[in-house]
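All remarks here apply to the structure that follows.
Residue numbers (this note's numbering), protein chains in the order written: chain W, 10 to 350; chain Y, 469 to 626; chain R, 31 to 153.
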């Protein structure tokens with residue numbers, strides 16, 4: 010049997026599955042941010058017409074998936090599987106969203122790495138011929154994340170300068186093996202993340218908890234593929250924020266694989282402008298999802314990008330593990346995307 | 469990590485310490501002076517408002533000292549509940565920090581905010597059960613220690 | 031009039047100072063606000079029991095009673111008074127009796143607010 014693997018941990022996708030469409034739906038604060046022109050829809054009502062924040066988040070995710078599928082020209086029935094997740098207990102937003110899609114469902118929990126995790130898995134499954142068309146989704150909502158991980162919205166507290174702001178929004182992309190569908194870009198390599206824990210306990214400094222995992226995945230990817238950072242037009246991390254962004258630059262420098270600052274971006278720093286008072290930047294599954302499915306894919310379509318490495322990071326803590334005094338496990342999944350030539 | 473006695477080896481520990489230092493170096497810090505000044509102004513103002521109610525009670529409402537103190541606390545609780553309800557208290561706390569949460573206003577906000585937030589999970593298991601999630605520990609430990617003090621006092625009054 | 035202004039000023043200064051200590055703990059230690067509040071009330075109970083907090087209340091009025099240490103002080107004074115009246119049983123009745131108004135107000139106004147208002151998303 011032929012193994013589609015190179016190096017120690019990297020998966021090769023010989024059929025180069027196609028990302029055929031995408032949709033990004035963002036909340037009001039995100040809609041006022043620097044990427045406002047890249048969103049398909051900006052929803053000013055944080056409740057999205059629903060009764061609860063959780064239902065609103067679910068609706069964000071459904072709306073993104075539905076729009077991505079419609080943009081691909083496919084019908085819901087033609088989608089062989091939905092792969093998605095979010096930050097809520099029992100990934101409630103994804104389950105309730107896919108309930109309306111009526112597709113087979115693979116629920117994922119990768120904290121804020123979910124968009125990369127779902128794209129990695131969907132690319133592997135379509136590449137292997139197990140799925141023809143798959144839809145990947147991820148969402149987060151400021152209000153659902155606050156009440157689950159931190160405090161009620163009206164509770165008065167100060168956020169430290171290292172804290173990040175959970176993005177309200179959802180991104181979705183359709184991955185397909187169908188050669189007849191025009192591709193935005195194609196996935197070529199997947200490097201799955203290992204859990205790296207450098208004993209960070211501060212839940213208000215997620216970037217510090219996740220940066221070592223990003224450095225681990227990135228260096229494994231580069232040595233497996235024999236590439237350098239310069240082989241990518243852009244290396245994109247998910248939501249390391251200001252602190253994690255700077256840490257990753259330092260860590261890669263120390264590993265002898267320095268990153269070019271002009272070709273390394275973090276979605277958490279792209280999605281909000283410094284004037285929006287988010288402190289260290291954006292976070293949440295929705296952060297990398299709306300940035301990739303909106304801004305990055307648009308740049309592929311405009312021909313500005315030829316090859317990128319999308320690497321979303323996740324902090325796999327739970328309120329329970331934090332209260333029990335455990336440290337924060339970090340993870341980062343990477344997928345290499347190339348323009349269709 | 470599942471072995472309770474296992475400690476990180478010296479090399480690993482050095483690596484962790486180095487990383488902790490790097491994180492500390494690259495993480496922005498809160499402005500200490502500004503935080504303290506704002507806490508002083510906010511906390512002082514809340515207490516001054518309390519004093520206004522104490523003076524009001526004693527001078528115009530014919531209250532005893534003890535009653536006026538209780539009256540002032542209740543008024544601060546009431547005002548906090550209202551400000552929390554209309555969504556202003558969290559802005560005051562964002563500015564004032566401990567100046568807003570150390571006075572009894574913080575105690576009130578800690579009860580009102582989860583009650584509002586979890587109202588959607590129902591009147592009993594939502595609002596009713598969550599009312600004490602943040603403020604509960606204060607009552608649990610305050611009351612428990614006061615019982616201990618009371619028992620000691622009953623045995624040997626000073 | 032001057033006593034009034036002096037009382038208000040003392041409340042401001044002492045109350046502000048007590049809050050500054052809390053803010054210092056927030057910014058300089060890993061303590062969460064919840065832990066600091068528990069610390070404050072326990073400290074209030076103990077300082078009152080050893081006779082330090084009472085004089086501070088006499089001096090600063092609301093500056094000492096409105097911070098959560100004042101809540102602890104109220105627990106202790108209630109317990110002491112009840113123990114004097116009914117003996118050791120008072121250790122259990124006194125604290126809640128003296129703080130009942132504050133707790134009941136918070137429960138009642140909290141419930142009322144939750145019924146009347148919805149949480150607001152943050153900008």
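C-beta: ideal position from N, C-alpha, C; glycine also.
In this structure, DSSP gives residue 530 (chain Y) a state outside helix and strand, which the three-state scheme calls coil. Beta-bridge analysis with DSSP links residue 592 (chain Y) to no other residue.
Legend: CB atoms of the segment 133–156 of chain W lying less than 8 Å from CB atoms of chain Y belong to residues 156.
Residue pairing of residue 535 (chain Y) in beta bridges, as defined by DSSP: absent, with no partner found. Annotation for residue 56 (chain R): the continuous alpha helix (DSSP H) segment containing it runs 32–58. Separation of residue 610 (chain Y) and residue 157 (chain W) (C-alpha to C-alpha, rounded to the nearest whole angstrom) is 27 Å. One Cα belongs to residue 51 (chain W), the other to residue 304 (chain W), and the distance between them is close to 14 Å.
Taken atom to atom, the span from the alpha-carbon of residue 106 (chain R) to that of residue 618 (chain Y) is near 7 Å. When Cβ pairs closer than 8 Å are counted between the two stretches, the segment 27–35 of chain W is seen to touch the segment 179–192 of chain W, the count reaching three or more. Under the three-pair Cβ rule at 8 Å, the segment 242–251 of chain W counts as touching the segment 283–298 of chain W.
Beta-carbon to beta-carbon, residue 348 (chain W) and residue 314 (chain W) are separated by about 7 Å, close enough to satisfy the 8 Å threshold. For residue 346 (chain W), the enclosing beta strand (DSSP E) has its first and last residue at 339–347. Counting the other Cβ atoms within 10 Å of the Cβ of residue 40 (chain R) gives 16 or more, which makes it buried.
Between the alpha carbons of residue 280 (chain W) and residue 137 (chain W) lies a distance of about 34 Å. Along the segment 248–272 of chain W, going in chain order, the ones with a CB nearer than 7 Å to a CB of chain Y are 252, 255, 256 and 259. Around the CB of residue 86 (chain W), fewer than 16 other CB atoms lie within 10 Å, so the residue is classed as exposed.
Selection W:152, W:129, W:211 and W:199 evaluated against residue 169 (chain W) yields W:211 as nearest (Cα-Cα).
Any Cβ of chain R closer than 7 Å to the Cβ of residue 541 (chain Y) would place that residue at the interface, and such an atom is present. Using a CB distance cut-off of 7 Å, residue 491 (chain Y) counts as an interface residue toward chain W. For the set W:261, W:288, W:43 and W:90, the Cα lying nearest the Cα of residue 175 (chain W) is the one of W:288. The Cβ atoms of residue 197 (chain W) and residue 22 (chain W) lie closer than 7 Å to each other. Rounded to whole angstroms, the Cβ separation of residue 95 (chain W) and residue 66 (chain W) is 7 Å, and the two are in contact under 8 Å. 79, 91, 92, 93, 95, 96, 97, 98, 101, 102, 105 and 106: these are the residues of the segment 79–108 of chain R whose beta carbon lies less than 7 Å from some beta carbon of chain Y, given in chain order. For residue 547 (chain Y), the closest Cβ of chain R is not nearer than 7 Å.
Residue 109 (chain W) is positioned such that its CB atom lies no closer than 7 Å to that of residue 117 (chain W). With 16 or more other Cβ atoms inside 10 Å of its own Cβ, residue 225 (chain W) counts as buried.
Its Cα nearest to that of residue 109 (chain R), the residue Y:616 stands out among Y:470, Y:501, Y:475 and Y:616. Annotated three-state conformation of residue 626 (chain Y) is coil, per DSSP.
Distances from the CA of residue 299 (chain W) to each of W:97, W:191, W:167 and W:145 were compared; the closest alpha carbon is that of W:145.
Proximity of chain R to residue 163 (chain W) at the Cβ level (cut-off 8 Å) is accounted for by 149 and 150, in chain order. Contact annotation: residue 99 (chain R) and residue 70 (chain R) have beta-carbon atoms nearer than 7 Å. A direct Cα-Cα distance of roughly 14 Å separates residue 148 (chain R) from residue 153 (chain W).
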